[in-house]
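Colleague: Have a look at this one before I ask anything.
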Amino acid sequence: MPKNNDFSKQLVNSQKYVVRLAKTTEDLHNAQSLRYQVFNVELEEGLERSHKTELDVDKYDEQCDHLLVTEKTSGAVIGTYRMQTYKTAIQHKGFYTADEYHLENLPSDIMNKSVEVGRACIHKNHRNGRVLYLLWRGIAEYMKLTESRYLFGCCSITSTDPAQGWIVMDYLKNNGLVHQEFTTEVKERFRCPKVEYDEEELREVELPQLFKLYIGLGAKILSPPALDSEFKTIDYLILVDIMKLDERSKALFLK
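Going by the working numbering, the first residue of the sequence shown is number 1219, and it counts up by one from there.
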């Protein structure tokens, strides 16, 4: 929940929607309910234990800020993103991504100016460019308030097939999307076994919409694939430097 008064105000206001941070336990539960509906019910991924409560919950939720897009007419939470700064992470249970990756390989001057993002989802009835744009406007406002320069987090595909994980990885490499300076290693229990695959499948790679959006913002991949068997996804650690965005994207974050 936001502890800074600047975070308690509306971050973005549009004709149909309001973008703000979760302020109450009810707000948090509404975000967790939306995550369950999208991840577990719609995509058939997510944590098995979530079916008992119909909430997607983990140990990082309490320490993080939760960006919400709410519909003005109903008050319903129809979009959400989970975020935390370096300062928040070191004062609490750390970064979510540190469960999967050795983040100590990344320079401290990047990490301490970073916002970790994740658990992004939009209700299927509102899944359009406008709501996605509003989520990103909210992230941009949050980065300005926290004086952050970098975004990092997991980009995922819904699969537990190691071959698919390496097909996507090689596609990313072949398209110059892997960071040239910094890499992180995947922790042992999340390592995606290297397997052979038909190279024709490289021609058929179709990344999820959010993955393509990150790439459009100039995201670079920092890791090999990580196989998250519990959540039923294959993850890739990405980094976005907002000072290296194109002019159109930079206007979103810096105006």
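We put the CB at the ideal spot given by N, CA and C, even for glycine. Please read all numbers here as calculations on a predicted model, not as lab measurements.
(1) For P1380, which of E1359, S1447 and S1326 has the nearest alpha-carbon?
(2) Assuming contact is defined by CB atoms lying nearer than 7 Å, are N1231 and V1295 in contact in what I supplied?
(3) Report all residues from its chain with a CB closer than 7 Å to the CB of Q1281; omit the five preceding and five following residues, and keep chain order.
(4) According to the neighbour-count rule (16 or more other Cβ atoms, all chains shown, within 10 Å of its Cβ), is L1420 buried or exposed?
(5) Please name the residue, chosen from D1317, E1417, V1349 and W1384, that lies closest to T1288 on a Cα-to-Cα basis.
(6) Is DSSP giving V1458 helix, strand or coil here?
(7) So N1323 and E1403 are supposed to be a Cβ contact under 8 Å. How far apart are they, rounded?
(8) Three Cβ pairs or more, each shorter than 8 Å: is that satisfied between the segment 1228 to 1247 and the segment 1368 to 1376?
(9) Between N1223 and K1241, what straight-line distance do the alpha-carbon atoms span, to the nearest angstrom?
(10) Anyone know if the C-beta pair for E1318 and K1391 falls short of 7 Å?
(11) If we ignore side chains and look at the alpha-carbon of each, how far apart do Q1255 and I1308 end up?
(12) Can you have a look at T1451 and say buried or exposed, based on whether 16 or more other CB atoms are within 10 angstroms of its CB?
(13) By DSSP's criteria, E1334 is part of a beta bridge. Which residues make up the other side?
(14) Would you decide whether T1364 is buried or exposed? Buried here means 16 or more other CB atoms lie within 10 Å of its CB.
(15) Just list the residues that DSSP pairs N1231 with in beta bridges.
Modeller: If we stick to the structure as given:
(1) Shortest Cα-Cα distance from P1380 to any of E1359, S1447 and S1326 involves S1447.
(2) Taking 7 Å as the Cβ cut-off, N1231 and V1295 do not qualify as a contacting pair.
(3) When the five nearest sequence neighbours on each side are left out, the beta carbons in the same chain lying within less than 7 Å of the beta carbon of Q1281 are those of Q1302, T1306, H1310 and K1311, in order along the chain.
(4) Within a 10 Å sphere around the beta-carbon of L1420 sit fewer than 16 other beta-carbons, which makes this residue exposed.
(5) Residue V1349 is the option with its Cα nearest to T1288.
(6) For V1458, the secondary structure class from DSSP, reduced to helix, strand or coil, is strand.
(7) Contact holds; Cβ gap of about 7 Å.
(8) The way I'd put it, the segment 1228 to 1247 doesn't touch the segment 1368 to 1376; fewer than three beta-carbon pairs between them come closer than 8 Å.
(9) Any answer about N1223 is weak, because its pLDDT of 48 lies below 50 and its placement is not dependable; what the coordinates show is given next. Taking C-alpha positions only, N1223 is separated from K1241 by approximately 11 Å.
(10) Result no, Cβ atoms of E1318 and K1391 do not sit closer than 7 Å.
(11) If I take the Cα positions, the gap works out to 31 Å.
(12) Under this definition T1451 is a buried residue.
(13) Answer is Q1302 and F1370, bridged to E1334.
(14) Here T1364 is buried: its Cβ has 16 or more other Cβ atoms, across all protein chains shown, within 10 Å.
(15) V1236.
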